[in-house]
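Take any residue in the sequence shown, count from 1 to its spot, add 1: that is its number in our numbering. Ideal Cβ positions, reconstructed from N, Cα and C, are used throughout, including at glycine.
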Amino acid sequence: DVYKRQLKKHDDGKIWLHTGDIATMDEDGFFYFKLRLKRMIKSSGFNVYPAQVEDVLYKHPDVLEACVIGVSDEKQGQIVKAFVVLKDSNKESQALAKDLINFCHDNLLKWSCPREIEFSKELPKTLVGKINFKQLEEQEKAKLKSAGKYYGK
């Protein structure tokens, strides 16, 4: 049943499995994964892809792990927030958070840059060991709701 809902017949008569991923297909029919479509943040009308922001954060010499999510915002719809695990947790500081944001500004378009960095000792993982961004989204949503600052659905 789950697969049947994701199978869609296109105008050309071919049936495709809609996975929520963006990929390209070469002339031999091989697919190349690009990014996850569903992991998109809408900030001030611009599309922000968390994977692109995470890729930049991973290039910073102090970053061990990073996860980027969209956080409800009254004016922008969502703002970009990054959860970061440092290689050396003793380096956690407002100055380093600002440095990470500036690093993103040097490597990304303005609207893609995190407005907030939250340091963490570890990030939640799924059963297969991937960073559980959905859990971070739910935690952030609950935190904002309890503070009366959640503007989403």
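#### Entry: Close Cβ partners of Glu141 (< 6 Å) along its chain, the five nearest in sequence each way excluded
Same-chain partners within the cutoff: Val72.
### Query
Looking at C-alpha atoms only, which residue of Asp63, Lys76 and Val69 is the closest neighbour of Val54?
That would be Val69, whose Cα lies nearest to the Cα of Val54.
### Query
If you drop the 5 nearest sequence neighbours on each side, which residues of the same chain put their C-beta closer than 8 Å to that of Lys126?
Hits under 8 Å: Ile132 and Asn133.
### Task
Look at the alpha carbon of Lys10 and the alpha carbon of His19, and state the distance between them as a whole number of angstroms.
Computed Cα separation, rounded: 10 Å.
### Message
Nearest by alpha-carbon distance to Asn48: which of Leu145, Leu124 and Leu109 is it?
### Response
If we check each option's Cα against that of Asn48, Leu109 comes out closest.
### Query
Exposed or buried, Ser90, counting other C-beta atoms within 10 Å across all chains shown (16 or more means buried)?
By the 10 Å Cβ count, Ser90 comes out exposed.
#### Entry: Residues near His61 in its chain [Cβ-Cβ closer than 7 Å; skip 5 each side]
The beta carbon of His61 is closer than 7 Å to those of Leu101 and Phe104 in its chain, skipping five residues each way along the sequence.
### Message
At the level of alpha carbons, what is the spacing between Leu124 and Trp17?
### Response
One Cα belongs to Leu124, the other to Trp17, and the distance between them is close to 34 Å.
### Query
From this set, Glu75, Trp112, Lys43 and Asp63, which residue's C-alpha is nearest Ala98's C-alpha?
Taking only the C-alpha atoms, the option nearest Ala98 is Asp63.
### Query
Taking buried to mean at least 16 other C-beta atoms within 10 Å of its own C-beta, is Val129 buried or exposed?
Exposed, since its Cβ has fewer than 16 Cβ neighbours within 10 Å.
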